[in-house]
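Participant: One structure, as structure tokens, below. Some questions next.
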Amino acid sequence: MSIVYRNGKLGKKRKHTHNIEADYEKVPRMSTNDSSQEMVPSLLPFKGKHGLIQRAPFNGENKRQALPTDTDSEEKAADAAPSPPPQLSVVDLFARRQLKLMEKKSLIAELSSKIMENPEENIAMLKQLCLLCEEKDVDVRITTRKFAIISMLEVIKDIAPGYPLRSLSEKEKEVKVSKEVRKLRDFEEGVLTSYQRYLQILEASAQGMFLFSLNSTFLIILSFLQGLQLIAVQCQCDLLISLQHFNYHNNLIAVMVPRMDDDSHNGQISAMCCDAFHKLFQGDVSGNVSLEVIKMITKYVKVKGHRVKPAVLQVLLSLRINEMDVLSLRDDNNNLRQAKVKGQNKREKMAKGTLSKRDRKRQKEMKKLEKELQETEAVESGDKRARTHSELLKFVFLTYFRVLKSNSHAPLLSPALEGLAKYAHLINIDFFADLMTALNNIVVHKDLPLRETLNCVLTAFKILSGQGEALNIDPRSFYCTLYHNLLLLHSGASNDDVEIALKCLDVMLHKRRKQVPLQRVSAFIKRLSTVALNVMPNSSLALLAFVRSFLQLFPRTQALLESETLGKGVFRPEIEDPEVSNTESTACWELPYLASQHYHPAVRSHACHVMTEASGPGAKFART
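Residue numbers (the UniProt record's numbering): 1 to 624.
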């Protein structure tokens, strides 16, 4: 008997009440050579309601019968898999695609014709046509979208109302209305919803991508072909011009303004957008739409740091600004009108105190309705149009002045200076001194191209020829600049440069002939005769015409045609200042050379007329 510790006390170990070896012998045994059975591990019993329950061992053979083998699974999967479709030839694929395309074309034509025949009855078809603009069939996706987008454009232009639509509030939708009103509301809501979705499709297509859902989870970006992108941009340009009064027009403007600065597709997108804005400005009489465009352009140029294409500012030259309205508004803004407005406001305040709260609310609603009625009927008063055009000029000049201050961007100087020259007579006289200072600083930089320099000179004299005559400014530096840059004109230069130079001469010498000294005029006559030798025949004829007019306006300059006249000193053509070049010591030998040696007969004939028609001793020089 063995002794064990139980609870800290000595005790005796109990004897087993059963024979362990006898129980072990009762367990079934399995021979290792018996292949019909498997070695099954014994399982522990578990306790139930009525005591211990012995778990039966799991038969491996049944397990193998219950679970299929890998070979059986592969055979069943092979039997269940569908057979691959038959391979089609290229001809069959093309024929199937053409059949699908014909079906889509017929559907687009049918929907478009039914909508245009009766828009109010078939407005639901507009949504179907809009869905075709998002065609998902890979075989005909690109072509179907092209046809659907173009058809949708014509349908929208045809059925769009002549007034902007307004979305109804929930309270307005709950109000009971007649059948006709309900029908009209459904039509307007259908047009507005489909038009909004159509603009979204155009925007996605114009950006070269389109988003569509895959299994409602993922988004796939699909790059379109160049043709679809150009078609989408062209449709946007058409809507920009045709539907100026309709909804989402400001959204179109915001999208189209940056595209004027787009260089993709070899500048085709930029050219289309610029042309659209040119047409938009020329057709806008009231100026309201043009004002929104100018605000967008001003903001875009500022955000880009003036690093935009010159075409963006070139479109501003097409603005339809009524000069009479602007000038009349400026003249009418005097003390008398201010006093009248002040008295009217005072009377309104007095009347407002006598009205009841209900009457004031009704009066406010009536004013709001009158304003909406004027917008619907496009009624624009003269004062409102004048204020709009004045606001237009403010944003235009703001953009131009910013370009002048940023001297590092020479490409924008040409359109900015050209615009300032066009609208210089409408600039407020208070800005003339600062503007002339800025122009003078630009002229000092010798690195500017010829076109920008000539435009700068032209702008300066446009300012001085109008209200700027009252300013005490000496334009001598601009005369020196033009005198020096005339030598840069040659046969390879653009005719536009010669045209700008002639405009400068007209403003500087013709219109200011009473303020120009004789030495300066003589120097320009000599310089024009020299330049006429180096330019194309058409430019030579124009320069000779100016020489002829100067000789007639200033008879004392005809001494340049005298071969025997002697002056003091030596002619110095390299000096930039025309007044100190000592032109009196030389003669216009270029004129007889042009009359006898030039290869173009028209130039020879015209040079001969210039000398013979000049009165005085110059006639003798012409016959020699």
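Each residue gets a CB set at the ideal place from its N, CA and C atoms; glycine is no exception.
So what does residue 52 bridge to, in DSSP terms?
Facilitator: Numbered from 1 along the sequence shown, position 52 holds the residue referred to as residue 52. In DSSP, residue 52 forms a bridge with 47.
Participant: Apart from the five residues just before and just after residue 316, which ones in its own chain have a Cβ nearer than 7 Å to its Cβ?
Facilitator: Against the sequence shown, residue 316 aligns to sequence position 316. 396, 419, listed in sequence order.
Participant: Under 8 Å, with one C-beta from each stretch per pair, do the segment 175-188 and the segment 227-237 reach the 3-pair mark?
Facilitator: At 8 Å Cβ cutoff, the stretches do not touch.
Participant: Out of 401, 307, 451, 91, point me to the one whose CA is closest to residue 431's CA.
Facilitator: Here residue 431 refers to the residue found at position 431 of the sequence shown. Considering only alpha carbons, the answer is 401.
Participant: By the DSSP assignment, the alpha helix (DSSP H) with residue 124 in it spans what residues?
Facilitator: Within the sequence shown, the letter at position 124 stands for residue 124. Looking at the DSSP string, the run of the alpha helix (DSSP H) that includes residue 124 is 124-132.
Participant: Quick one: is residue 497 buried, meaning 16 or more other Cβ sit within 10 Å of its Cβ, or exposed?
Facilitator: Your numbering for residue 497 matches position 497 in the sequence shown. Residue 497 should be labelled buried.
Participant: Under three-state DSSP, which class holds residue 460?
Facilitator: Your numbering for residue 460 matches position 460 in the sequence shown. It is helical.
Participant: Near residue 459, what residues of its chain come up, given a Cβ to Cβ distance below 7 Å and the 5 sequence neighbours on each side ignored?
Facilitator: Looking up residue 459 in the sequence shown gives position 459. For residue 459, where only same-chain residues beyond five positions count, the Cβ hits under 7 Å are 417, 420, 421, 424, 439.
Participant: Look up residue 516 in the DSSP assignment and say whether it is helix, strand or coil.
Facilitator: Here residue 516 is taken as the residue at index 516 of the sequence shown, counted from 1. If DSSP states are grouped into helix, strand and coil, residue 516 belongs with coil.
Participant: Residue 125 and residue 158: beta carbons closer than 8 Å?
Facilitator: One-based indexing of the sequence shown puts residue 125 at position 125. One-based indexing of the sequence shown puts residue 158 at position 158. Contact: no.
Participant: Assuming the contact rule is C-beta atoms closer than 8 Å, residue 507 and residue 461 should be a hit. Round their C-beta distance to whole Å, please.
Facilitator: Here residue 507 refers to the residue found at position 507 when the sequence shown is read from its first residue. Here residue 461 refers to the residue found at position 461 when the sequence shown is read from its first residue. With a Cβ gap of about 4 Å, residue 507 and residue 461 count as contacting.
Participant: Work out the CA separation of residue 550 and residue 499 for me, nearest whole Å.
Facilitator: In the sequence shown, residue 499 corresponds to position 499, counting from 1. In the sequence shown, residue 550 corresponds to position 550, counting from 1. Taking the straight line joining both Cα atoms gives about 17 Å.
Participant: Roughly how many angstroms separate the alpha carbons of residue 256 and residue 166, rounded to a whole number?
Facilitator: The residue you call residue 256 lines up with position 256 of the sequence shown. The residue you call residue 166 lines up with position 166 of the sequence shown. Between residue 256 and residue 166, the C-alpha separation is close to 24 Å.
Participant: How would you write the range of the alpha helix (DSSP H) that residue 166 sits in, first residue to last?
Facilitator: As a working mapping, residue 166 is identified with position 166 in the sequence shown. It is not in any alpha helix (DSSP H) - residue 166 carries neither H nor E in the DSSP assignment.
Participant: For residue 245, name the three-state secondary structure that DSSP assigns.
Facilitator: By 1-based counting over the sequence shown, the position of residue 245 is 245. Reduced to three states, the DSSP call for residue 245 is coil.
Participant: Give the straight-line distance between the Cα atoms of residue 250 and residue 108, rounded to the nearest whole angstrom.
Facilitator: Locating residue 250 in the sequence shown gives position 250, counting from the first residue. Locating residue 108 in the sequence shown gives position 108, counting from the first residue. Roughly 29 Å between the two C-alpha positions.
Participant: Helix, strand or coil: how does DSSP classify residue 161 here?
Facilitator: Translated into the one-based positions of the sequence shown, residue 161 becomes position 161. Coil, per DSSP.
Participant: Would you call the segment 533-540 and the segment 481-498 in contact, with 3 or more CB pairs under 8 Å?
Facilitator: Counting Cβ pairs under 8 Å, three or more are found: they touch.
Participant: What are the boundary residues of the alpha helix (DSSP H) that includes residue 198?
Facilitator: Locating residue 198 in the sequence shown gives position 198, where the first residue counts as 1. That run of the alpha helix (DSSP H) goes 179-206.
Participant: If the criterion is Cβ atoms closer than 8 Å, does the pair residue 463 and residue 435 meet it?
Facilitator: Locating residue 463 in the sequence shown gives position 463, counting from the first residue. Locating residue 435 in the sequence shown gives position 435, counting from the first residue. Yes, they are a contact pair.
Participant: Please classify residue 452: is it buried, with 16 or more other beta-carbons within 10 angstroms of its beta-carbon, or exposed?
Facilitator: Counting from 1 along the sequence shown, the entry for residue 452 is found at position 452. When all chains shown are included, residue 452 counts as buried.
Participant: Under three-state DSSP, which class holds residue 527?
Facilitator: As a first step, residue 527 is located in the sequence shown; it is residue number 527 there, counting from the start. Note: residue 527 maps to helix in three-state DSSP.
Participant: Return the CA-CA distance between residue 102 and residue 265, expressed in angstroms with no decimal places.
Facilitator: The residue labelled residue 102 in the question sits at position 102 within the sequence shown. The residue labelled residue 265 in the question sits at position 265 within the sequence shown. Taking the straight line joining both Cα atoms gives about 30 Å.
Participant: Please classify residue 94: does DSSP put it in a helix, a strand, or coil?
Facilitator: In the sequence shown, residue 94 corresponds to position 94, counting from 1. Looking at residue 94 - three-state DSSP - the assignment turns out to be helix.
Participant: Would you mind stating whether residue 291 and residue 392 have Cβ atoms separated by less than 8 Å?
Facilitator: Sequence index remark: in the sequence shown, residue 291 carries index 291 (1-based). Sequence index remark: in the sequence shown, residue 392 carries index 392 (1-based). Yes; because the gap between Cβ atoms is below 8 Å, this pair is in contact.
Participant: Tell me the rounded alpha-carbon separation between residue 92 and residue 106.
Facilitator: For this step, residue 92 is matched to residue 92 along the sequence shown. For this step, residue 106 is matched to residue 106 along the sequence shown. Rounded to whole angstroms, residue 92 to residue 106 spans 21 Å at the Cα level.
Participant: Within this structure, are the beta carbons of residue 581 and residue 573 separated by less than 8 Å?
Facilitator: Counting from 1 along the sequence shown, the entry for residue 581 is found at position 581. Counting from 1 along the sequence shown, the entry for residue 573 is found at position 573. Yes, these two residues count as a Cβ contact at 8 Å.
Participant: DSSP three-state call for residue 116: helix, strand or coil?
Facilitator: The sequence position of residue 116 within the sequence shown is 116, counting from 1. The answer is helix: DSSP assigns residue 116 an H, G or I state.
Participant: Please state whether the Cβ-Cβ distance between residue 523 and residue 612 is less than 8 Å.
Facilitator: In the sequence shown, the residue the question calls residue 523 occupies position 523. In the sequence shown, the residue the question calls residue 612 occupies position 612. No, they are not a contact pair.
Participant: To the nearest angstrom, report how far apart residue 610 and residue 599 are at their CA atoms.
Facilitator: The residue you call residue 610 lines up with position 610 of the sequence shown. The residue you call residue 599 lines up with position 599 of the sequence shown. If I take the Cα positions, the gap works out to 17 Å.
Participant: Using only the alpha-carbon positions, how far apart do residue 585 and residue 568 sit?
Facilitator: The sequence position of residue 585 within the sequence shown is 585, counting from 1. The sequence position of residue 568 within the sequence shown is 568, counting from 1. Going from the Cα of residue 585 to the Cα of residue 568 covers about 6 Å.
Participant: Go ahead and pull the three-state DSSP assignment for residue 489.
Facilitator: Position 489 of the sequence shown, counting from 1, holds the residue named residue 489. Of the three classes helix, strand and coil, the one that applies to residue 489 here is coil, per DSSP.
Participant: Measuring CB to CB, does residue 543 end up less than 8 Å from residue 531?
Facilitator: Here residue 543 is taken as the residue at index 543 of the sequence shown, counted from 1. Here residue 531 is taken as the residue at index 531 of the sequence shown, counted from 1. Yes, the Cβ-Cβ distance between residue 543 and residue 531 is below 8 Å.
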